[in-house]
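Undergrad: Letter by letter, the sequence shown follows residues 1442 to 1812 in the numbering used here. Cβ coordinates follow ideal geometry from the N, Cα and C atoms, glycine included.
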Amino acid sequence: MKRMTRRSFLEGVAATGAAALAQPACAASSQSAPAAVRRAPAPLVIASANGWRGAARPGDPAPRPSAVEAALARLGDAQVAAGKYGLLEAVVAGVGVVEDDPEDHSVGLGGLPNEEGVVQLDAAVMFGPTHQAGAVAALENIQNPARAAMYVLRYTDHALIVGPGAYRFARAFGLPHAELLTEEARRLWLYWKQRASERDDWLTPPEEDVDESTRQASSGGTIHLSALDARGDLAAATTTSGLAYKIPGRVGDSPLVGAGLYCDNDVGAAGATGRGEEVIVNCGAYAIVAAMRRGLEPEAACLETLKEVAEKARRRGLFQDGKPSFGLTFYALRKDGAYGAAAMFEGGSFAVADAATGVGRLERCAWVYDR
Ligand code: ASP
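#1: Based on Cα-Cα distance, which residue from L1550, D1705, Y1772, A1751 lies nearest to D1762?
#2: Let me know the beta strand (DSSP E) ranges lying completely inside the stretch 1614-1697, each 3 residues or longer, listed in chain order.
#3: Taking 9 Å as the threshold (C-beta atoms), are V1509 and G1549 in contact?
#4: Determine the DSSP secondary structure at A1578, reduced to helix, strand or coil.
#5: Can you determine whether any heavy atom of the ligand PLP sits closer than 8 Å to the C-beta of A1713, and answer yes or no?
#6: Cβ of V1720 versus every heavy atom of the ligand ASP: is any distance shorter than 8 Å?
#7: Going by beta carbon distance, what residues of the same chain come within less than 8 Å of Q1584, once the five residues before and after it are set aside?
#8: Output the residue ranges of the beta strand (DSSP E) runs that lie fully inside the stretch 1702-1746 and measure 3 residues or longer, sorted by chain position.
#9: For W1643, count neighbouring C-beta atoms within 10 Å of its own C-beta (all shown protein chains included) and say buried if the count is 16 or more, exposed if not.
#10: For the alpha helix (DSSP H) containing L1594, list its first residue and its last residue.
#11: According to the neighbour-count rule (16 or more other Cβ atoms, all chains shown, within 10 Å of its Cβ), is I1688 buried or exposed?
#12: Whether or not the stretch 1671-1686 and the stretch 1733-1746 are in contact is what I'm after, with contact meaning three or more pairs of Cβ atoms, one per stretch, closer than 8 Å; do they touch?
#13: Can you list, in chain order, the residues of its chain with a C-beta nearer than 8 Å to that of E1718? Leave out the 5 residues immediately preceding and following it.
#14: To the nearest angstrom, report how far apart G1500 and S1654 are at their CA atoms.
#15: Given this structure, state the Cα-to-Cα distance separating A1574 from A1531, to the nearest angstrom.
#16: Helix, strand or coil: which one does DSSP assign to T1798?
#17: When DSSP builds the beta bridges, which residues end up paired with A1508?
#18: Return no unless some Cβ of chain C is closer than 9 Å to the Cβ of R1515.
#19: Relative to the alpha-carbon of E1557, which residue among G1781, K1753, R1595, A1637 has its alpha-carbon at the smallest distance?
#20: Would you list the residues sitting across from K1748 in a DSSP beta bridge?
#21: Could you name the residues of the same chain whose beta carbon sits closer than 7 Å to that of M1591, not counting the 5 residues immediately before and after it, in chain order?
#22: Measuring straight from C-alpha to C-alpha, what distance separates V1538 and D1811?
#23: Apply the 10 Å Cβ neighbour rule to T1746 and answer buried if 16 or more other Cβ atoms are within range, or exposed otherwise.
#24: To which residues does DSSP link L1882 through a beta bridge?
#25: Classify P1465: buried if its beta carbon has 16 or more other beta carbons within 10 angstroms, exposed otherwise.
#26: What does the alpha-carbon distance come out to for the pair R1628 and G1768?
#27: What does the Cβ neighbour count give for E1804, buried or exposed, with the cut at 16 atoms within 10 Å?
#28: What are the partner residues of S1489, as DSSP defines its beta bridges?
#29: Could you please give the first and the last residue of the uninterrupted alpha helix (DSSP H) stretch that includes A1534?
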């Protein structure tokens, strides 16, 4: 059965909002079409679709916060840009917008919990100029795991800290203890648990006791964000609550350098959202950057890596009706300002903000398989 992920749900919604989508010539390509070439002036930020939330809705007191715009604004701030790690700070501030958003059930506060109802977060950051990485995994009670990952990068000679050690590390740097399971996320988890098995003692609640939003809930998600500053330096971050209702301690691709993100300051940055296990076993983000180093355009590099993942998935038995049984989206940003993204299935979008416009937008992803 094809799993509905937070990502595919979000992108499905975004894709239907045609007015919200900027679609440059040749933006959408299918398996057989040539990959699109897109380029924008630095500073330039790209992210998964939850990195841009659209313009203010009628009645909103202020525009909805947006990760790509927050990161771009930091990059435009001369003081931030001048700091050694200003670019990294900008990336962390960008994804922090989504980590702080209780309505996004795929990241940080309000993220969907593991099977025991405990929110466990994964995040990684990578900084091109020094080729450093920092990551945390299975981290509980810290709302901004990407910031904790940045502290790993800046203040330790390690690359990845997990579990209770990661919590104590984050607390040592002053990140507050937080209850991350919101009331809504708890309701979604409970509904999942009540329906998880016919053979346990939990009874499935009658339909009339369950509201539509609970029934429609999806099971995964993440934000990946990559940035290029005016100096031509690159940084990236990926942060997530991972697969909803996962086995406690499960770690996905997001905090794994080379899988959920990778950055080579001489070439470009890349990241992934979607089924992490497939990204891990194919070194997804590393493969995309390696493809760009060989000369592929960012979108073409994403498509090539997706096809490789699909081919391997066929061998792994993760195929149904001639298509992979999972969703995946790759994002790529090259050092010269070329960028692109591609999804396993038609209908995806990704977020962009650049120096020319200063505001965020969604663009369509290329894709490998029609829906
Ligand atoms: N890649 C994330 C993970 O596997 C989940 C997602 O992006 O949907 O943890």
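TA: A quick look at the data gives this:
#1: A1751
#2: 1664-1669, 1675-1681
#3: no
#4: strand
#5: With respect to small molecules bound, the structure shown includes the ligand ASP and not the ligand PLP.
#6: yes
#7: E1540, D1541, G1549, L1550, L1616, P1617, A1619, L1621
#8: 1702-1705, 1709-1715
#9: exposed
#10: 1586-1596
#11: exposed
#12: no
#13: G1693, D1694
#14: 22 Å
#15: 15 Å
#16: coil
#17: According to DSSP, which records beta bridges pairwise, A1508 is partnered with nothing at all.
#18: The chain inventory of the structure shown lacks chain C, comprising one protein chain alone.
#19: A1637
#20: The partner list for K1748 (beta bridge, DSSP) is empty, contrary to what the question assumes.
#21: L1529, V1533, V1566, G1575
#22: 32 Å
#23: buried
#24: Because the chain is modelled from 1442 through 1812, residue 1882 falls outside the range shown and cannot be assessed.
#25: Per-residue confidence for P1465 stands at a pLDDT of 36, beneath the threshold of 50, marking its modelled position as unreliable; the derived number appears in the next sentence. Its Cβ having fewer than 16 others within 10 Å, P1465 is exposed.
#26: 25 Å
#27: buried
#28: F1791
#29: 1527-1540
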